[in-house]
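Peer 1: Here you go, one structure.
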Amino acid sequence: MRLTDNCTVLLSLDISATFDSIDHDILLERLGTDFRISSSAFAWLRSFVTGRTQYVAVGTEHSSPANCTSGVPQGSVLRPLLFAMYISPMSKVVAAHGLCYHQYADDTQLYTSIPPRSATDPFRTLSLCVDDIYRWFLQNRLLLNPSKTEAVLFGTRIQHNNVPTLGGIDVAGTLVPFHDTVKLLGVTLDSALSMDRHVTEVVRSCNYHIRALQHRTSDRY
Numbered sequence: 206m207r208l209t210d211n212c213t214v215l216l217s218l219d220i221s222a223t224f225d226s227i228d229h230d231i232l233l234e235r236l237g238t239d240f241r242i243s244s245s246a247f248a249w250l251r252s253f254v255t256g257r258t259q260y261v262a263v264g265t266e267h268s269s270p271a272n273c274t275s276g277v278p279q280g281s282v283l284r285p286l287l288f289a290m291y292i293s294p295m296s297k298v299v300a301a302h303g304l305c306y307h308q309y310a311d312d313t314q315l316y317t318s319i320p321p322r323s324a325t326d327p328f329r330t331l332s333l334c335v336d337d338i339y340r341w342f343l344q345n346r347l348l349l350n351p352s353k354t355e356a357v358l359f360g361t362r363i364q365h366n367n368v369p370t371l372g373g374i375d376v377a378g379t380l381v382p383f384h385d386t387v388k389l390l391g392v393t394l395d396s397a398l399s400m401d402r403h404v405t406e407v408v409r410s411c412n413y414h415i416r417a418l419q420h421r422t423s424d425r426y
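Pasting the structure below:
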């Protein structure tokens with residue numbers, strides 16, 4: 206069997222309230238232990254994420270302020286970087302199952318090759334890996350959202366026919382069906398990697414904005 210006969214399965218994970226769930230104590234311990242940040246740099250990062258309060262306001266009334274023990278400031282340049290450092294040990298969980306992953310801020314995708322006509326469940330390794338990731342998330346105050354997790358199988362039509370996908374993938378007890386497309390960082394990838402769907406969406410968006418500009422121009426005159 207040639208390696209080119211394999212399909213590639215990709216699982217795009219969804220994490221609930223990603224940046225708001227970062228535990229300050231776990232983050233600071235990770236910065237000091239895993240990344241060896243100390244002295245004034247560590248003190249600056251600690252002052253950046255801690256010491257904040259929040260309250261709920263309705264009209265003119267508001268609750269008493271409560272200390273924030275999790276989350277990083279919204280709109281901050283450091284926000285995605287701190288999350289990447291917070292979640293960095295997850296790479297060991299993925300490596301233990303022999304899978305590959307790609308991460309950009311809170312966008313995390315697992316992927317691996319699938320041999321055709323596998324005698325066992327072709328997605329079993331992926332499901333076991335996600336189960337361990339799910340447990341690791343819980344231990345680190347994060348929550349994987351299986352209902353918003355997406356799966357896609359990349360390959361030719363012949364390759365797709367050799368891999369059973371009707372059952373979907375078991376993700377933390379939830380059966381995630383396969384989709385024809387998945388959107389990653391603004392790029393729509395179809396199962397054949399033809400980029401046709403992405404081009405169609407870009408053209409549709411351009412036409413919408415062109416029509417909007419035409420309406421604004423005609424209103425002026």
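All you need for our numbering is the position in the sequence shown, starting with 1, plus 205. In this text, a Cβ means the ideal position worked out from N, Cα and C, and glycines have one as well. Here the structure is a predicted model, which is why all the values come from computation and not from measurement.
Which value, in whole angstroms, describes the spacing of the CA atoms of V404 and F224?
Peer 2: Taking the straight line joining both Cα atoms gives about 31 Å.
Peer 1: Among the candidates S410, V254 and L315, whose CA atom is the shortest distance from the CA of H229?
Peer 2: Among S410, V254 and L315, the Cα nearest to that of H229 is on V254.
Peer 1: Roughly how many angstroms separate the alpha carbons of F359 and A397, rounded to a whole number?
Peer 2: Looking at the two C-alpha atoms, the distance is approximately 6 Å.
Peer 1: Could you check what DSSP says for C467 in three-state terms: helix, strand or coil?
Peer 2: Absent from the model: residue 467. The displayed extent of the chain is 206 to 426, so no value can be given.
Peer 1: Given E406, which residues of its chain have a CB within under 6 Å of its CB, disregarding the five upstream and five downstream residues?
Peer 2: These residues qualify, in order along the chain: T393.
Peer 1: For the segment 257-276 against the segment 296-314, are there 3 or more C-beta pairs whose distance is under 8 Å?
Peer 2: No: fewer than three Cβ pairs fall under 8 Å.
Peer 1: Could you say which of F342, G280, P285 and L250 lies nearest to P442 if we only look at CA atoms?
Peer 2: In this structure the chain extends from 206 to 426, so residue 442 is not present and cannot be described.
Peer 1: Using a threshold of 8 Å, state whether the C-beta atoms of A301 and D336 are closer than that.
Peer 2: No.
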